[in-house]
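Following: one structure in structure tokens, then a few remarks.
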Amino acid sequence: MRLSRKHWIMIVFTPLALLCDQITKQMIHSALEPFEEIVIIPGHLEFILVRNSGLVFGMFSGRLGGTATLIFLGITVIALGIIIHLFFHTENKAVVLPLALSLVLAGAFGNLIDRLRWGYVVDFINMHAHLLGKERTWPTFNIADLAITGGIVLLVIDAFKPQFIWLFNLISGRKSEEQGSGAE
Numbered sequence: 030m031r032l033s034r035k036h037w038i039m040i041v042f043t044p045l046a047l048l049c050d051q052i053t054k055q056m057i058h059s060a061l062e063p064f065e066e067i068v069i070i071p072g073h074l075e076f077i078l079v080r081n082s083g084l085v086f087g088m089f090s091g092r093l094g095g096t097a098t099l100i101f102l103g104i105t106v107i108a109l110g111i112i113i114h115l116f117f118h119t120e121n122k123a124v125v126l127p128l129a130l131s132l133v134l135a136g137a138f139g140n141l142i143d144r145l146r147w148g149y150v151v152d153f154i155n156m157h158a159h160l161l162g163k164e165r166t167w168p169t170f171n172i173a174d175l176a177i178t179g180g181i182v183l184l185v186i187d188a189f190k191p192q193f194i195w196l197f198n199l200i201s202g203r204k205s206e207e208q209g210s211g212a213e
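According to the working numbering, the stretch in the sequence shown is residues 30 to 213, in order.
Below, the structure written as structure tokens:
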């Protein structure tokens, strides 16, 4: 049986993203104590070990106990079902949708592995930006979170691809297919 493009994308990118996530988390977990920092770009980026026992962005941290693991196990099972359904209903030559699904799958499994292994998710990327005269700090996150976010962005792009093409054509002054391509 010859594998299609979508299968190769899933086979390559899911384990690659999951491996990057788990290796970086292990490195941070081994190198830092909780809330210890390594400054990467002063005032903008540091690595800091945060043990996230809560939900997304640390919500309800310390108040859910083992419930958070059960909630995320349920969410991961539901996400897996949706991903499998979408994957099998995707064209074999598709690129964006299988890549998006691979990233979401890897991210979901990466954070689930943390919860099962340590009882919490290892977050470590801490970013700051100076906007409108104030310092803004994004909640601490990890590679799995980046994979999930990137996958969702790709899903949106794929879902609205015709609108993006139309907008690009409008901005660039090209005629869209709806306007016709006959001689003028």
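Where a beta carbon is used, it is the ideal one built from N, C-alpha and C, also for glycine. Remember, it's a predicted structure, so these values are computed and weren't measured experimentally.
Excluding sequence positions up to five away, which residues of its chain have a Cβ less than 6 Å from the Cβ of residue i?
i    : result
T43  : S131, L134, A135
A176 : A46, L132, A135, G136
M39  : P127, S131
R165 : A158
Among residues of its own chain, excluding the 5 on either side of residue i, which ones have a beta-carbon nearer than 7 Å to its beta-carbon?
i    : result
I142 : Q51
A108 : V133, A137
Would you check if the distance between the CB atom of residue i and the CB atom of residue j is smaller than 9 Å?
i    : j    : result
A137 : I172 : no
V124 : R34  : yes
W167 : R80  : no
Going by C-alpha distance, which of the options is nearest residue i?
i    : options                : result
D152 : F64, L48, K35          : F64
T169 : G180, L99, H73         : H73
A226 : R31, Y149, I194        : In the structure as shown, the chain begins at 30 and stops at 213. Residue 226 is therefore absent and cannot be evaluated.
A188 : E164, T119, N198, D174 : T119
I70  : K122, W37, A158        : A158
E62  : L48, K163, L78, Q55    : L78
R31  : I111, F193, R165, N121 : N121
I111 : L48, L184, I67, L160   : L184
Have a look at the DSSP bridge pairing and note the partners of residue i.
i   : result
L74 : I70, M156
Would you please verify whether the beta carbon of residue i is less than 9 Å from any beta carbon of chain B?
i    : result
A129 : Of the chains in the structure shown, none is chain B; there is only one protein chain.
Which term fits residue i, buried or exposed, when burial requires 16 or more other beta carbons within 10 angstroms of its beta carbon?
i    : result
I154 : buried
I57  : buried
N140 : buried
S82  : buried
Report all residues from its chain with a CB closer than 8 Å to the CB of residue i; omit the five preceding and five following residues, and keep chain order.
i    : result
L115 : L126, L130
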